[in-house]
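*Asks:* Shown below is the structure under consideration.
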Amino acid sequence: MSTNFTIADDFIAEQNSKKADYLAEDYEYLDKKLRRRNIQIENLIEKAQGFDVAIPSWGVGTGGTRFARFPGSGEPRGIYEKLEDCATINQLVRSTSAVSLHIPWDKPESVEELKNFTAARGLSFDAINSNTFQDQVDQKHSYKYGSLSHENPAIRQQAIEHNLECIEIGKQIGSKALTVWVGDGSNFAGQINFRRALECYLDSMREIYAAVPEDWRLFIEHKFYEPAFYSTVINDWGTSYICAKELGEKAFCLVDLGHHAPNVNIEQIVARLIQFRKLGGFHFNDSKYGDDDLDAGSIKPFQLFLVFNELVDAELKNVPNFNPAYMLDQSHNVTDPIESLMTSAMEISRAFVQAHLVDREKLEDAQRKNDAITALATLKEAFTTDVSPILATARQKNGGTVSPIETYRASNYRAQKAKERPAQIGISAGII
Ligand code: AFD
Ligand code: MN
Ligand code: MN
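Numbering that gives the first Met the number 0 puts the first residue of the sequence shown at 0, with every later residue one more than the last.
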């Protein structure tokens, strides 16, 4: 492993120095503009420096659709190569220090080795994800007709045990949360009994919940369709909320931005979950039609900003126990996954910093006076401010690069990896 290519810190410094003059000019201009609005740019840089979003291990591989997957060269072939890529992303953007693992895809042979490898690269582990939406070789029962909600108790038991194993692995690697997303549902009216399926799911989740350590959280991820097309068992935030409430204090709702019906007001859902203390975390991505898993902020950046507007409002108002886990969950089908993940991480930081620019007194005053024009203008003033110099300065101060994509391309990282990682035959369609 020691001979594997990494980007040298000197190289990053050299790339940054080429940008220094322009960054200084842009910074100065933004600083002046913000001071006019009584905003201290230094505070925002600190905020940006402290912001972090976790990388999904499955995101560094080229994704695919149910039609095909077009692998890129030099893509990671196993968990260690995935972690190498995650480390590179964080080295450049410095806001992605944690990795979210998916079991069994990332199941390590030696947990100790995995921990050392990760720690040596300055990474840690975020929520661990279970997988009962797919059959594995040597698996006794099939999940074709469901897992935690299946009619057959033996199948439910197998799915429960898999989740318990995920918790055990998570404990060893330092995760503090388990994310459960099930593909359970139906394709035909009448295929399943709605009430019985949810009862079975809850019974299974109660057993999983009992094994969740006291300092952990259990995240329930809902999704309104796919792979089941007529109904899913955990279909919306309401069902997710009810289940989290039924299970207890360690259970929370996870909001994947792509898992809602079209045009649903996601920022309002976020506000509701904050209000009732059940917002556990996010899977960030963007979508136009459904669970498209496009890059965060690529299609609806204003929606992303509005979500962060709710989050920052809760942060500033010190909502008790407000601590959502931020993770990406995307499928990179036509781009270099490293470039997509870096861009997405930067867009999420952008929305976070912009949300900190909202003049909250002015907004509240407008709301109380029913002055809709001023209310929207107050949000737009923040949203249309180009905070790029703040993000670039924060990255640089944390040891990263001013221009992640440019630096990455100039480093020839992918070409180097293509030499180190000859393509594997047989990797075909599917999510990863
Ligand atoms: C699903 C969900 C969930 C799951 C992933 C698997 O978003 O997060 O773990 O895809 O690739 O749609
Ligand atoms: Mn997700
Ligand atoms: Mn999804």
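Positions of the beta carbon are idealized from the N, C-alpha and C atoms, including for glycine.
Helix, strand or coil for Gly63 per DSSP?
*Replies:* In the sequence shown, residue 63 corresponds to position 64, counting from 1. Looking at Gly63 - three-state DSSP - the assignment turns out to be coil, as it is neither helix nor strand.
*Asks:* Following a CB-centred definition, is Lys81 positioned closer than 8 Å to any heavy atom of ligand 1?
*Replies:* Looking up residue 81 in the sequence shown gives position 82. It does not: the Cβ of Lys81 is nowhere closer than 8 Å to a heavy atom of ligand 1.
*Asks:* With three or more C-beta pairs closer than 8 Å as the rule, is the segment 50-63 touching the segment 90-110?
*Replies:* Contact holds: three or more Cβ-Cβ distances are below 8 Å.
*Asks:* Does Ile154 get closer than 9 Å to chain B when you measure Cβ to Cβ?
*Replies:* Chain labels in this structure do not include chain B; a single protein chain is all it has.
*Asks:* In terms of DSSP beta bridges, what is Met204 paired with?
*Replies:* Against the sequence shown, residue 204 aligns to sequence position 205. In DSSP, Met204 forms no bridge with anything.
*Asks:* Tell whether a beta-carbon distance below 9 Å holds between Asp105 and Lys81.
*Replies:* Against the sequence shown, residue 105 aligns to sequence position 106. Against the sequence shown, residue 81 aligns to sequence position 82. Yes, they are a contact pair.
*Asks:* Can we count Gly257 as close to ligand 2, meaning its CB is less than 8 Å from some heavy atom?
*Replies:* On the sequence shown, residue 257 is found 258 positions in, with the first residue counted as 1. Yes, ligand 2 has a heavy atom inside 8 Å of this Cβ.
*Asks:* Pairs of beta-carbons, one from the segment 145-153 and one from the segment 115-123, closer than 8 Å: are there three or more?
*Replies:* Result no; under three Cβ-Cβ pairs closer than 8 Å.
*Asks:* Spatial neighbours of Glu419 within its chain, please: C-beta separation below 8 Å, excluding the five flanking residues on both sides.
*Replies:* As a working mapping, residue 419 is identified with position 420 in the sequence shown. Excluding sequence neighbours, Glu419 sits near Asn3, Phe4 and Gly73.
*Asks:* Just mark Ala19 as buried or exposed, buried being the case when its beta carbon has 16 or more other beta carbons within 10 Å.
*Replies:* Along the sequence shown, read from residue 1 onward, the residue named residue 19 stands at position 20. Exposed, because fewer than 16 other Cβ atoms sit within 10 Å of the Cβ of Ala19.
*Asks:* Does the Cβ of Phe223 have 16 or more other Cβ atoms within 10 Å, making it buried, or fewer, making it exposed?
*Replies:* Looking up residue 223 in the sequence shown gives position 224. It is buried - the Cβ of Phe223 has at least 16 other Cβ atoms within 10 Å.
*Asks:* In chain order, what residues of the same chain lie with their CB nearer than 7 Å to the CB of Ser1, ignoring the 5 residues before and after it?
*Replies:* The count along the sequence shown starts at 1 and reaches residue 1 at position 2. Its pLDDT being 48, under 50, Ser1 is placed unreliably in this model, and the value from its coordinates should be taken loosely. Correct list: empty, nothing qualifies.
*Asks:* Return helix, strand or coil for Ser339, following the three-state DSSP convention.
*Replies:* Position 340 of the sequence shown, counted from the first residue, corresponds to residue 339. The answer is helix: DSSP assigns Ser339 an H, G or I state.
*Asks:* Ordered along the chain, which non-local residues of its own chain (more than five positions away) have a Cβ less than 8 Å from that of Gln87?
*Replies:* Within the sequence shown, the letter at position 88 stands for residue 87. Sequence inspection shows Thr at residue 87; the Gln mentioned does not correspond to that position. So the qualifying residues of the chain are Thr5, Ile6, Ile337, Tyr407 and Tyr412.
*Asks:* Report whether the distance from the Cβ of Asp328 to the nearest heavy atom of ligand 3 is below 8 Å.
*Replies:* Here residue 328 corresponds to residue number 329 of the sequence shown, with the count starting at 1. Because some heavy atom of ligand 3 lies under 8 Å away, the Cβ of Asp328 counts as near it: yes.
*Asks:* Can you tell me which of Glu314, Trp215 and Asp294 puts its alpha carbon nearest to the alpha carbon of Thr342?
*Replies:* Here residue 342 refers to the residue found at position 343 when the sequence shown is read from its first residue. Closest by alpha carbon: Asp294.
*Asks:* In the DSSP assignment, find the unbroken alpha helix (DSSP H) run with Ser239 in it and report its ends.
*Replies:* Within the sequence shown, the letter at position 240 stands for residue 239. Note, Ser239: alpha helix (DSSP H), Trp236 to Leu246.
*Asks:* Closer than 8 Å by C-beta to Ala371: which residues in its own chain qualify, once you throw out the five before and the five after it? Chain order, please.
*Replies:* Reading the sequence shown from its first residue, position 372 is the one you call residue 371. Excluding sequence neighbours, Ala371 sits near Ala365.
*Asks:* In three-state DSSP terms, what is Ala428?
*Replies:* The sequence position of residue 428 within the sequence shown is 429, counting from 1. Summary for Ala428: the model assigns pLDDT 46, below 50, so the residue's position carries little reliability, and this model does not support an answer.
*Asks:* Buried or exposed: which applies to Tyr208, given that a residue is buried once 16 or more other Cβ atoms fall within 10 Å of its Cβ?
*Replies:* Numbered from its first residue, the sequence shown carries residue 208 at position 209. Buried.
*Asks:* Please check the pair Ala381 and Leu356, which I expect to be a contact at CB under 8 Å, by giving their CB distance rounded to whole angstroms.
*Replies:* Taking the sequence shown and counting its residues from 1, the one referred to as residue 381 is at position 382. Taking the sequence shown and counting its residues from 1, the one referred to as residue 356 is at position 357. Going by Cβ atoms, the distance from Ala381 to Leu356 rounds to 4 Å, so yes, they are a contact pair.
*Asks:* For ligand 2, I want to know if Trp104 counts as a neighbour, meaning its beta carbon is within less than 8 Å of at least one of the ligand's heavy atoms.
*Replies:* If you number the sequence shown from 1, residue 104 lands on position 105. Not so, every heavy atom of ligand 2 lies at least 8 Å from the Cβ.
*Asks:* At the level of alpha carbons, what is the spacing between Ile159 and Phe10?
*Replies:* The sequence position of residue 159 within the sequence shown is 160, counting from 1. The sequence position of residue 10 within the sequence shown is 11, counting from 1. Roughly 48 Å between the two C-alpha positions.
*Asks:* Where does Glu108 sit, in a helix, a strand or coil, going by DSSP?
*Replies:* Within the sequence shown, residue 108 is the residue found at index 109, counting from 1. DSSP places Glu108 in coil when its eight states are reduced to three.
*Asks:* Could you tell me which residues DSSP puts in a beta bridge with Thr178?
*Replies:* To locate residue 178, count along the sequence shown from 1; it is residue 179. The partner list for Thr178 (beta bridge, DSSP) reads Asn128 and Phe218.
*Asks:* My assumption, with CB atoms under 8 Å, is that Met345 sits in contact with Pro403. Please give the rounded CB distance.
*Replies:* What you label residue 345 is simply residue 346 of the sequence shown in a count that begins at 1. What you label residue 403 is simply residue 404 of the sequence shown in a count that begins at 1. Rounded, the Cβ-Cβ distance is 7 Å, consistent with contact.
*Asks:* Beta carbon of Gly237, beta carbon of Leu253: below 9 Å?
*Replies:* In the sequence shown, the residue the question calls residue 237 occupies position 238. In the sequence shown, the residue the question calls residue 253 occupies position 254. No, the pair does not count as a contact, with Cβ atoms beyond the cut-off.
*Asks:* Applying the 10 Å Cβ sphere with the 16-neighbour rule, what's the burial state of Arg216?
*Replies:* Translated into the one-based positions of the sequence shown, residue 216 becomes position 217. Answer is buried; the Cβ neighbour count reaches 16.
*Asks:* Measure how close the beta-carbons of Ile389 and Val333 come, nearest whole angstrom, since I'm counting them as under 8 Å.
*Replies:* One-based indexing of the sequence shown puts residue 389 at position 390. One-based indexing of the sequence shown puts residue 333 at position 334. Wrong, their Cβ atoms sit about 30 Å apart, outside the cutoff.
*Asks:* Enumerate, from N- to C-terminal direction, the unbroken beta strand (DSSP E) stretches of 3 or more residues contained entirely within the segment 7-71.
*Replies:* If we require 3 residues or more, the segment 7-71 turns out to have no beta strand (DSSP E) run fully inside it.
*Asks:* Gly184 and Ser230 - do their beta-carbons sit closer together than 9 Å?
*Replies:* As a position in the sequence shown, residue 230 is number 231, starting the count at 1. As a position in the sequence shown, residue 184 is number 185, starting the count at 1. Yes; because the gap between Cβ atoms is below 9 Å, this pair is in contact.
*Asks:* Note the first and the last residue of the continuous alpha helix (DSSP H) segment covering Tyr325.
*Replies:* By 1-based counting over the sequence shown, the position of residue 325 is 326. Where Tyr325 is concerned, there is no enclosing alpha helix (DSSP H), although the beta strand (DSSP E) it sits in stretches over Ala324 to Leu327.
*Asks:* If distances are taken between C-alpha atoms only, which option among Leu310, Val181, Leu29 and Tyr240 comes closest to Thr383?
*Replies:* For the purposes of this step, residue 383 is identified with residue 384 of the sequence shown, where counting begins at 1. Closest option to Thr383, Cα to Cα, is Leu29.
*Asks:* Would Asp328 and Asp292 be called neighbours here (beta carbons separated by less than 9 Å)?
*Replies:* Start at 1 with the first residue of the sequence shown, and residue 328 comes out as number 329. Start at 1 with the first residue of the sequence shown, and residue 292 comes out as number 293. Yes. Within cutoff.
*Asks:* Over what stretch of residues does the beta strand (DSSP E) that includes Val98 continue unbroken?
*Replies:* Taking the first residue of the sequence shown as 1, we reach residue 98 at position 99. Element bounds for Val98: Ala97 to Ser99.
*Asks:* Hey, is His282 close to ligand 1, as in C-beta under 8 Å from one of its heavy atoms?
*Replies:* Position 283 of the sequence shown holds residue 282. Yes; taking the cut-off as 8 Å, the Cβ of His282 has a heavy atom of ligand 1 nearer than that.
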